[in-house]
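Number 59 in numbering that gives the first Met the number 0 belongs to position 60 of the sequence shown; there are no gaps in the numbering.
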Amino acid sequence: MSDGAATPGRQETSPNPPAGALLQRVQEQMRGNPLLAILIGGAASIAIVVVLLMWAREPDYRVLYSNLTEADGGRIINELESRGVPYRFSEGGTALLVPGDSVHGLRLQLAEQGLPRGGNVGFELMDNQAFGVSQFAEQVNFQRGLEGELSRSIESLGPVSRARVHLAMHAPRSSCGTRNRPRHRSSSPWSRAG
């Protein structure tokens with residue numbers, strides 16, 4: 000006879016009995032030994048209680064910040080790690096989650112350190128200007144600050160995730176005839192969240 004051929008009239012037994020047969024064997028053994036049934040029921044009850052306790056101890060995570068730039072995300076994560084605060088990522092890595100009971104306190108503490116800074120620089124450019132800066136440099140910093148502040152304002156709107164504002168401003172004139180001045184223009188590309 001060949002090794003792989005089955006003989007007619009003879010059934011082959013598989014090494015793994017079907018689940019129904021295994022269940023019947025367990026039931027027969029439990030009927031004969033009530034102590035075994037009590038032990039299995041007790042072990043199952045203890046396992047359920049342990050799983051429920053572990054699940055209940057898991058803190059409720061809430062959003063600390065979302066739509067962060069990579070630089071801000073890195074700074075905030077470094078700060079959270081230095082404080083020993085557990086964190087997670089959500090929404091494809093764009094939202095930073097922390098335990099729910101510490102969200103508001105952490106936001107205040109991080110804001111005290113100037114986090115998140117945002118991708119745009121605003122009027123803080125004007126804070127550290129040196130004495131004797133040329134009028135041109137002052138005007139450029141003012142325009143950059145204004146663009147940054149407008150970008151931040153647009154990004155604070157719910158459906159907008161990123162925005163950049165470009166202003167076309169003419170140079171200030173010191174002449175008296177200011178009637179025919181060209182109008183200021185702006186361009187602001189933005190992308191929707193989601």
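Beta carbons: idealized from backbone N, C-alpha and C, even for Gly.
These numbers come from a predicted model, not from an experiment.
First and last residue of the uninterrupted beta strand (DSSP E) at residue i
i: A167; result: H165 to A167
i: A194; result: Any property of residue 194 remains undetermined from this structure, which presents the chain solely from 0 to 193.
i: L63; result: Y60 to S65
i: R161; result: V159 to A162
i: L96; result: A94 to P98
i: R116; result: Per DSSP, R116 belongs to no beta strand (DSSP E) and is neither H nor E.
Residue nearest to residue i in terms of C-alpha spacing, selected from the options
i: L63; options: S150, E148 and P115; result: P115
i: Y86; options: D59, Q112, P188 and A70; result: D59
i: S190; options: E57, L52 and V164; result: V164
i: F122; options: Q142, S155, I153 and P188; result: Q142
i: N119; options: T68, L52 and P33; result: T68
i: N140; options: S150, Q128 and R151; result: Q128
Residue j beta carbon less than 8 Å from that of residue i
i: M29; j: A18; result: no
i: G104; j: R61; result: no
i: M125; j: G113; result: no
i: N66; j: S160; result: yes
i: V84; j: V97; result: yes
i: L166; j: E148; result: no
Endpoints, alpha helix (DSSP H) assigned at residue i
i: A43; result: P33 to R56
i: R82; result: E69 to R82
i: S150; result: Q134 to E154
i: A110; result: V102 to E111
Length of the line joining the Cα atoms of residue i and residue j
i: A70; j: S89; result: 18 Å
i: W54; j: I47; result: 11 Å
i: L21; j: L51; result: 29 Å
i: L38; j: G31; result: 14 Å
i: P33; j: V49; result: 25 Å
Pair every Cβ in the region 66–77 with every Cβ in the region 35–53, then say whether three or more of these pairs are closer than 8 Å. With the cut-off at 8 Å, the region 66–77 and the region 35–53 do not touch.
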